[in-house]
Every structure is written in structure tokens, then in C-alpha cells.
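**Student:**
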Amino acid sequence: MRTEGFEVSKTGRLDKIASECEQIGLSRSAVQTLIQSGQVTVNGKAASKSLNVKPGDIVEIIIPDPQELTARPQDIPIEIVYEDGELLVVNKPKGMVVHPAAGNPDGTLVNALMYHCKGRLSSINGVVRPGIVHRIDKFTSGLLMVAKTDSAHNFLSAQIKDHSFEREYQAIVCGTFSPSSGTINAPIGRDRSDRKKMCVTERNSKNAVTHYETIESLRGYSHVSFKLETGRTHQIRVHCAFKGHPVLGDDVYGKPFKGLEGQCLHAKRIGFVHPNGEYMSFDSPLPDYFIKALETIRK
Numbered sequence: 001m002r003t004e005g006f007e008v009s010k011t012g013r014l015d016k017i018a019s020e021c022e023q024i025g026l027s028r029s030a031v032q033t034l035i036q037s038g039q040v041t042v043n044g045k046a047a048s049k050s051l052n053v054k055p056g057d058i059v060e061i062i063i064p065d066p067q068e069l070t071a072r073p074q075d076i077p078i079e080i081v082y083e084d085g086e087l088l089v090v091n092k093p094k095g096m097v098v099h100p101a102a103g104n105p106d107g108t109l110v111n112a113l114m115y116h117c118k119g120r121l122s123s124i125n126g127v128v129r130p131g132i133v134h135r136i137d138k139f140t141s142g143l144l145m146v147a148k149t150d151s152a153h154n155f156l157s158a159q160i161k162d163h164s165f166e167r168e169y170q171a172i173v174c175g176t177f178s179p180s181s182g183t184i185n186a187p188i189g190r191d192r193s194d195r196k197k198m199c200v201t202e203r204n205s206k207n208a209v210t211h212y213e214t215i216e217s218l219r220g221y222s223h224v225s226f227k228l229e230t231g232r233t234h235q236i237r238v239h240c241a242f243k244g245h246p247v248l249g250d251d252v253y254g255k256p257f258k259g260l261e262g263q264c265l266h267a268k269r270i271g272f273v274h275p276n277g278e279y280m281s282f283d284s285p286l287p288d289y290f291i292k293a294l295e296t297i298r299k
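Each residue of the sequence shown is one higher than the one before, counting from 1 in the working numbering.
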């Protein structure tokens, strides 16, 4: 447990002002939870989240220690595309979280992998993310490579770092890109007003490059292929929204789509060099939810 404090520099709602403070490092919803539990004071007095603070006010927040998470094996069916003694490639279904986190303590891909691999996964990312070299979002489907050994993990991670690891995604987006193919080169960082979101920004950001090519122009929508040069959090979703063409169903950076839970985004192909020196490439067919969305739009 620790206590963080700061002096307010502008007028606004307490929860919004506190979540924008980089020193605090909490999302607006996390701040609201702490306010409701009486862990936030303004000028020494407990306050409500809707309180308007003003310049000169002193805000103090008691931040509890994070709970230690550990993953446990669970017998959950998963689709293994490839497996050997060093690594495996998994086709993750839409709706499955990759590793345990607050709000998703189990039922994740990691829980399933621990059961399938009998605990034989790389330990580099600790007890919560064993074997996980790279991630995709809960509502993104498709291919992931997983390391069984630490040496394989380091070998594969190096390819991600030097941009030689190939990743192709397909998505349905709102509207039509102009030109129909090109490159989006725009840095991505944490959204200051909502720390659960990312955004295109020059402030505390990292370079992000996405190459895109339109596969099919539909009535008000487009089926698009994306190749990642970098791998920032929510990169495709943020870049599409930045260009005014959010991914269909993305209720974080766009808006929901009837009959679709979360964004219509699929990790279709990955290519990498195996630790034995062999180049390997895997392709995942478009899943049923994606095909159904295309058919709905075409009609």
C-alpha cells in the first residue's frame, strides 16, 4: 500500500483530474473505485467522484498493493496448429483472454496451455504469462506462437524486436481507405484521459507502423489486410480509428455492431524462423463470425 498526492493545476471533476495525473498512474474507473471506498481525500477530507476540484487543492490517494496473480492448469479445449519440443502455434478463438489479469483470473489461454503442456512452458514472463511471446486482444481471434523453453522464447522475442517476425491480420473496417493501400506511420501512447485506452500521440509514445491493403470494398465498409511492422498495444484498432475507419464492432475506439461481440479482427498469418533455423509460416482461415459479418454487410 502506498499514498500518492498531487496539487491540482486546473478545474475539473476529481476522478478525471486524478486519472490524468501520470504520477498516480491509474485509470479513471480505478480512481472512481478508490473514491467510493474512501481512499481519496481532497484537502484532507473524503470526497465524491463528481466533486469539482480547483487549482491549489491537494489530492491524496491511498493505492493498495496489487494482488499477486498465479495461473493454474485448466482442461480447456484449444486448437493447436503446430507443436514440437520448442514451441507451439495456437489458433485463439474470439472472446478468450490470453493470460490471467484482474477481472479474468482463469479460463484464459495460459490456463489451457498449462494443462496441455503439463507446465512445460518458458518462464521468462513469470507465473502469470508462461510461454507467452506476444499477445492479441480478447476479442481478436487468430494465431499466436508460444514458447516452451526459455531459449526458444528469447530467440522468438528477438525477431519481434527486430521486426522480422511477420504478422498479417484481416479486419472489416467502417468506410473506405483512400488510397486503397498504404502505410499508417503514427506514434502510439497511453490515452491521458483513459489509461485503459491507447491513442495516436507524440507524448510518451512509441513509433508504430501499419501497412494496409483493401481486399474488398463493401457498401459503407471494407475488408482490409494489415501487416504490422511494429507491435504496439491495440495498434491496428488505434490506427484505423485515427484514420476515421474504426474496426467493425470495436466498442472502445469505434462503436458496437449488432450481432457482433467486440471487434472484427483476425490474426490470419504469422511467419518466423524456428530456433532450428527453419522458416515457418502458418495461415488461419477466416472464422465463422468474420464470414457471417461479411455476408451480413453484402446483403
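Cβ atoms here follow ideal geometry from the backbone N, Cα and C, with glycine treated the same way.
Measure the alpha-carbon distance for residue 13 versus residue 198 and round it to whole angstroms.
**Tutor:** Cα-Cα distance, rounded: 22 Å.
**Student:** I believe residue 7 touches residue 61 by the beta-carbon criterion, under 8 Å. Please report the beta-carbon distance rounded to the nearest angstrom.
**Tutor:** Incorrect: roughly 13 Å between the Cβ atoms, too far for contact.
**Student:** DSSP three-state call for residue 170: helix, strand or coil?
**Tutor:** Three-state result, residue 170: strand.
**Student:** What are the complete beta strand (DSSP E) segments, minimum 3 residues, inside the segment 116-166?
**Tutor:** With a minimum length of 3 residues, the continuous beta strand (DSSP E) runs that stay inside the segment 116-166 are 140-147.
**Student:** Mapping the DSSP letters down to three states, classify residue 282 as helix, strand or coil.
**Tutor:** Three-state DSSP puts residue 282 in a strand.
**Student:** Here's the rule: buried if 16 or more other CB atoms are within 10 angstroms of the residue's CB, otherwise exposed. What is residue 36?
**Tutor:** By the neighbour-count rule (16 or more Cβ atoms within 10 Å), residue 36 is not buried but exposed.
**Student:** Sorted by chain position, which residues of the same chain lie with C-beta nearer than 7 Å to residue 202's C-beta, five sequence neighbours on each side aside?
**Tutor:** Excluding sequence neighbours, residue 202 sits near 187.
**Student:** Using the Cα positions of residue 281 and residue 94, report the straight-line distance between them to the nearest angstrom.
**Tutor:** About 21 Å.
**Student:** Counting along the chain, where does the alpha helix (DSSP H) carrying residue 238 start and finish?
**Tutor:** Segment 235-242, the alpha helix (DSSP H) holding residue 238.
**Student:** So the candidates are 192, 182, 136 and 97; which of them puts its Cα closest to the Cα of residue 169?
**Tutor:** It is 136 whose Cα lies nearest to the Cα of residue 169.
**Student:** Looking at the unbroken beta strand (DSSP E) that takes in residue 63, where does it start and where does it end?
**Tutor:** 58-63 is the span of the beta strand (DSSP E), which, as asked, contains residue 63.
**Student:** If we require 4 or more residues per run, which alpha helix (DSSP H) segments fall completely within the segment 201-269?
**Tutor:** Qualifying alpha helix (DSSP H) stretches, in chain order: 235-242.
**Student:** Starting from the Cα of residue 96, find the closest Cα among 142, 121 and 259 and give me that residue.
**Tutor:** If we check each option's Cα against that of residue 96, 142 comes out closest.
**Student:** How about residue 49 and residue 15: are their beta carbons less than 8 Å apart?
**Tutor:** In contact: residue 49 and residue 15 (Cβ atoms closer than 8 Å).
**Student:** Measuring straight from C-alpha to C-alpha, what distance separates residue 276 and residue 283?
**Tutor:** In a straight line, the C-alpha of residue 276 is about 21 Å away from that of residue 283.
**Student:** What number of angstroms, rounded off, separates the C-alpha of residue 160 from the C-alpha of residue 263?
**Tutor:** The straight-line gap from Cα to Cα measures roughly 24 Å.
**Student:** On the DSSP bridge assignment, give the partners of residue 290 in chain order.
**Tutor:** BP columns for residue 290 are empty, so no partner.
**Student:** Assuming residue 236 and residue 226 form a contact by the criterion Cβ under 8 Å, report the distance between their Cβ atoms to the nearest whole angstrom.
**Tutor:** Yes, they are in contact, since the Cβ atoms of residue 236 and residue 226 sit about 5 Å apart, within 8 Å.
**Student:** When DSSP labels each residue in this structure, what does residue 186 get in the three-state scheme?
**Tutor:** It is coil, neither helix nor strand.
**Student:** Can you tell me the Cβ-Cβ gap for residue 63 and residue 2, rounded? I've got them flagged as a contact below 8 Å.
**Tutor:** Yes, residue 63 and residue 2 are in contact; Cβ-Cβ is about 5 Å, under 8 Å.
**Student:** Can you pull the DSSP bridge partners for residue 53?
**Tutor:** Its beta-bridge partners are 12.
**Student:** Who pairs with residue 101 in a beta bridge, going by DSSP?
**Tutor:** Residue 101 pairs with 104.
**Student:** Report yes or no: do the segment 265-273 and the segment 72-82 share at least 3 C-beta pairs separated by less than 8 Å?
**Tutor:** Segments in contact, no.
**Student:** Using a 10 Å radius around the Cβ and a threshold of 16 neighbouring Cβ atoms, would you call residue 132 buried or exposed?
**Tutor:** The residue in question, residue 132, is buried, as its Cβ has 16 or more Cβ neighbours within 10 Å.
**Student:** Could you give the first and the last residue of the continuous alpha helix (DSSP H) run that contains residue 33?
**Tutor:** Run containing residue 33: 28-36, per the alpha helix (DSSP H) assignment.
**Student:** With a threshold of 16 other CB atoms inside 10 Å of the CB of residue 23, please say whether the residue is buried or exposed.
**Tutor:** The residue is exposed, with fewer than 16 neighbouring Cβ atoms inside 10 Å.
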